[in-house]
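In the numbering used here, the protein residues as written are 1 to 438.
Here is the structure we will look at.
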Amino acid sequence: MSLEKSDATTNLSHHAIHIPGTAPNNLTRHPLIDKCHKEFDIFFNNIGFHSHLMHHYLAAYALGASKERLQEIYDTHASYMRPIPDSVGIITRNTYRQELGNRNAYTSYLNFFTEEIKQFGMMETIRYWMFKDDMLTLVLGALYHPTIHLAYAAEFNLPKIASEALAMAACTDHRLVPLFGTLDQPLPSTLNKKNGTQSIYDIINRIRRDPDFDDVVHFSDQFKDRSVLENTKAVAKLREYASQWHFKDIESNLQELFIHWIFIEAATGIRKNHEVKLDFDLTHVLTSVHAVYTLVPHLTSTQAELLLSHYMLESLMYYVAQGRPPIEMDLLAEYKSPQAINGSDTPWLDVFRLALAAEEPHCIKAVRAIALAQIVYGSSDGNDQKEVEGSSSTFVTRKNQDLLFLKAAQLTVDVAGKGTAQMPNFVFTGIGYKETWE
Numbered sequence: 001m002s003l004e005k006s007d008a009t010t011n012l013s014h015h016a017i018h019i020p021g022t023a024p025n026n027l028t029r030h031p032l033i034d035k036c037h038k039e040f041d042i043f044f045n046n047i048g049f050h051s052h053l054m055h056h057y058l059a060a061y062a063l064g065a066s067k068e069r070l071q072e073i074y075d076t077h078a079s080y081m082r083p084i085p086d087s088v089g090i091i092t093r094n095t096y097r098q099e100l101g102n103r104n105a106y107t108s109y110l111n112f113f114t115e116e117i118k119q120f121g122m123m124e125t126i127r128y129w130m131f132k133d134d135m136l137t138l139v140l141g142a143l144y145h146p147t148i149h150l151a152y153a154a155e156f157n158l159p160k161i162a163s164e165a166l167a168m169a170a171c172t173d174h175r176l177v178p179l180f181g182t183l184d185q186p187l188p189s190t191l192n193k194k195n196g197t198q199s200i201y202d203i204i205n206r207i208r209r210d211p212d213f214d215d216v217v218h219f220s221d222q223f224k225d226r227s228v229l230e231n232t233k234a235v236a237k238l239r240e241y242a243s244q245w246h247f248k249d250i251e252s253n254l255q256e257l258f259i260h261w262i263f264i265e266a267a268t269g270i271r272k273n274h275e276v277k278l279d280f281d282l283t284h285v286l287t288s289v290h291a292v293y294t295l296v297p298h299l300t301s302t303q304a305e306l307l308l309s310h311y312m313l314e315s316l317m318y319y320v321a322q323g324r325p326p327i328e329m330d331l332l333a334e335y336k337s338p339q340a341i342n343g344s345d346t347p348w349l350d351v352f353r354l355a356l357a358a359e360e361p362h363c364i365k366a367v368r369a370i371a372l373a374q375i376v377y378g379s380s381d382g383n384d385q386k387e388v389e390g391s392s393s394t395f396v397t398r399k400n401q402d403l404l405f406l407k408a409a410q411l412t413v414d415v416a417g418k419g420t421a422q423m424p425n426f427v428f429t430g431i432g433y434k435e436t437w438e
């Protein structure tokens, strides 16, 4: 069995934010990346929580962090990492399915994917294994963490991070099978190129009003995503809604996903006469759409469409699981950051400084995602009054959207920036439930 060369990739235009700092620009001169790879498990506790050490490190590096700040980030996360586990045996292409879902097999999978990358190259290995058999279900599992890790590998050209990401995916449980099916029991694609007519905004609003979801998940449920995934009727409804998404082309649909999940992340955490909040799971939907944006240009058109359709369906599941919160765009537009510097000519740089100083890793990741969307999808084309396709009437022009991007980033750093690596300042109970606000 050989790893065949992929068809031509989408070759979509791609942007990334990399601000020069005092740390070496060449990441091969960052020994902490190798140290993390060799010494630490990708799961830092017995529950299976994922290491965010390299996410935080690389996001800070991209925003110009000093060598000293990068060392601080490393030391903070390294203090609670677990040592890399012993191998459970040699994994081959013929046996790779035997240990899927077993976190104890991380080192064995790491060794396997390291050899795959050495033989075939990083991006060819990612393309092949991401879509091999049931692997996409695992890559998108665990709150998108393998997807996010893969994107860091692609963005920074780090084969060791890619092997970690694929090993992480292989160790992920099969929780998403009800949404996506399996190799033996496949489900039809939810991406309907011919008949889908609805925008994400339309679909979200219809889901929010749909009484079929009223008793699917409750505030008291510990694992709300499982409550949705184990409900056959809810899963069928979600697949139906996802199939109604209007597919225009890869680039347009990716843009729609990116923009809408920024505002769903930020504008669901605002209520009148309440302290602002951020939902932990919905923040991951935002940081993972940044990952999807990073990966899509490296994929074939068929692969990219499959990734977008799966991602869209899963993101709707998380919206339901977190209580179908209202998206308060008017309140986001009115948001006044207590940390904003009055009269500042560089409000984005002010946000970056706060994000770099924040101890909580998701803060800087979310801020960088929002800033990238500002660069890629903002009003730099000079057409400030151009309508934003599929948007709510509250943010109808690109000029308004630019301001809302900044507001979303400011709100994110105001809330998430208060937390630490081990005590994050997020809502974990679902931001759409009334009990969360009582």
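Ideal Cβ positions, reconstructed from N, Cα and C, are used throughout, including at glycine.
It should be emphasised that the depicted structure is a prediction, and the values quoted were computed from it without experimental measurement.
Just confirm the distance between the C-beta atoms of ALA105 and CYS171, as a whole number of angstroms; I'd bet it's less than 8 Å.
Going by Cβ atoms, the distance from ALA105 to CYS171 rounds to 6 Å, so yes, they are a contact pair.
Around the C-beta of GLU389, are 16 or more other C-beta atoms found within 10 angstroms, so that it is buried, or is it exposed?
At GLU389 the pLDDT is 46, less than 50, meaning the model places this residue with poor confidence and gives no usable figure here.
Helix, strand or coil for THR232 per DSSP?
Note: THR232 maps to helix in three-state DSSP.
Who are the Cβ neighbours of SER6 in its own chain at under 6 Å, not counting the five residues just before and after it?
Only weak support is given to the placement of SER6: the predicted model assigns it a pLDDT of 43, under 50, and the value that follows is read from those uncertain coordinates. Closer than 6 Å at Cβ, skipping near neighbours: ARG127 and THR300.
Assign GLU99 to one of two classes, buried (16 or more other C-beta atoms within 10 Å of its C-beta) or exposed (fewer than that).
With 16 or more Cβ atoms within 10 Å of its Cβ, GLU99 is classed as buried.
Given this structure, state the Cα-to-Cα distance separating GLY430 from TRP437, to the nearest angstrom.
So the two alpha carbons sit approximately 10 Å from each other.
Tell me the DSSP secondary structure of ALA16 in three-state form.
Residue state, collapsed to three classes: coil.
For LYS237, does the count of other Cβ atoms within 10 angstroms reach 16, so buried, or fall short, so exposed?
Label assigned to LYS237: buried.
Going by C-alpha distance, which of TYR74, SER220, TYR61 and ASN25 is nearest ARG353?
Minimum Cα distance to ARG353 is reached at TYR61.
What is the rounded straight-line gap between the Cα of MET329 and the Cα of HIS290?
Approximately 21 Å, taken between the alpha carbons.
Taking the alpha carbon of GLY101 as the reference point, which residue from PRO146, SER66 and ASN195 has its own alpha carbon closest?
For GLY101, the nearest C-alpha among the options comes from PRO146.
For PHE112, which of LEU158, GLN185, GLU164 and MET130 has the nearest alpha-carbon?
For PHE112, the nearest C-alpha among the options comes from GLU164.
Using alpha carbons as the reference points, say which of ARG206, ASN273, ASP41 and ASN46 lies closest to MET54.
For the residues ARG206, ASN273, ASP41 and ASN46, the minimum Cα distance to MET54 belongs to ASP41.
Less than 8 Å between the beta carbons of ALA366 and PHE405, yes or no?
Contact flag unset, no.
Roughly how many whole angstroms lie between the Cα atoms of ASP210 and TYR201?
C-alpha separation (whole angstroms): 14 Å.
So for THR394, helix, strand or coil by DSSP?
Any reading at THR394 is ruled out, since the residue's pLDDT is 42, under 50, leaving its predicted position unreliable.
Expressed to the nearest angstrom, what Euclidean distance is found between the alpha-carbon atoms of ALA266 and PHE120?
Cα to Cα, the separation comes out at about 41 Å.
Are the stretch 166 to 185 and the stretch 71 to 78 in contact at 8 Å, needing three or more beta carbon pairs?
Touching, no, given that fewer than three Cβ pairs across the two stretches are closer than 8 Å.
Verify whether the separation of the beta carbon atoms of LEU187 and ALA242 is less than 8 Å.
Going by C-beta atoms, LEU187 is not nearer than 8 Å to ALA242.
With a 10 Å radius around its C-beta and 16 neighbouring C-beta atoms as the bar for buried, classify GLU334 as buried or exposed.
Result: exposed.
In chain order, what residues of the same chain lie with their CB nearer than 8 Å to the CB of ILE117, ignoring the 5 residues before and after it?
Once the five neighbours on either side are set aside, the close Cβ partners of ILE117 are THR125, PRO159, ALA162 and SER163.
Just the Cα atoms here: how many angstroms apart are ASP279 and VAL216?
Going from the Cα of ASP279 to the Cα of VAL216 covers about 19 Å.
Whole angstroms is fine: what's the gap from ASP350's alpha carbon to GLN339's?
Approximately 9 Å, taken between the alpha carbons.
From the DSSP output, in three-state form, read off ALA291 for me.
It is helical.
Could you give the first and the last residue of the continuous alpha helix (DSSP H) run that contains ARG103?
Where ARG103 is concerned, there is no enclosing alpha helix (DSSP H), given that its DSSP letter is neither H nor E.
Determine, using beta carbons only, whether ARG324 and ILE17 come nearer to each other than 8 Å.
Going by C-beta atoms, ARG324 is not nearer than 8 Å to ILE17.
Taking the continuous alpha helix (DSSP H) assigned at GLY129, which residues delimit it?
Gly is not the amino acid found at residue 129; the sequence shown has Trp there. Note, TRP129: alpha helix (DSSP H), 122 to 130.
Tell me which residues share the same chain as ASP221 and place their Cβ nearer than 8 Å to its Cβ, disregarding the 5 neighbours each side in the sequence.
Around ASP221: SER227.
How far does the alpha helix (DSSP H) with SER337 in it extend, from its first residue to its last?
No alpha helix (DSSP H) contains SER337, which DSSP labels as neither H nor E.
Using the three-state DSSP reduction, which class does HIS174 fall into: helix, strand or coil?
Residue state, collapsed to three classes: coil.
Using the beta-carbon count (16 or more within 10 Å), is ARG93 buried or exposed?
With fewer than 16 Cβ atoms within 10 Å of its Cβ, ARG93 is classed as exposed.
On the criterion of 16 or more Cβ atoms from any shown chain inside 10 Å, does SER13 qualify as buried, or is it exposed?
Its Cβ having fewer than 16 others within 10 Å, SER13 is exposed.
What first and last residue would you give for the alpha helix (DSSP H) that runs through PRO76?
Residue identity differs from the one stated: residue 76 is Thr in this sequence, not Pro. That run of the alpha helix (DSSP H) goes 67 to 78.
Looking only at its own chain, which residues have a Cβ that is under 7 Å from the Cβ of ILE341, when we skip the five neighbours before and after it?
Within the same chain, ILE341 has close Cβ partners ASP350.
Do you know whose CA, among GLY21, SER344 and THR190, lies nearest LEU356's CA?
The candidate whose alpha carbon is nearest that of LEU356 is GLY21.
According to DSSP, simplified to helix, strand and coil, what is VAL427?
Of the three classes helix, strand and coil, the one that applies to VAL427 here is strand, per DSSP.
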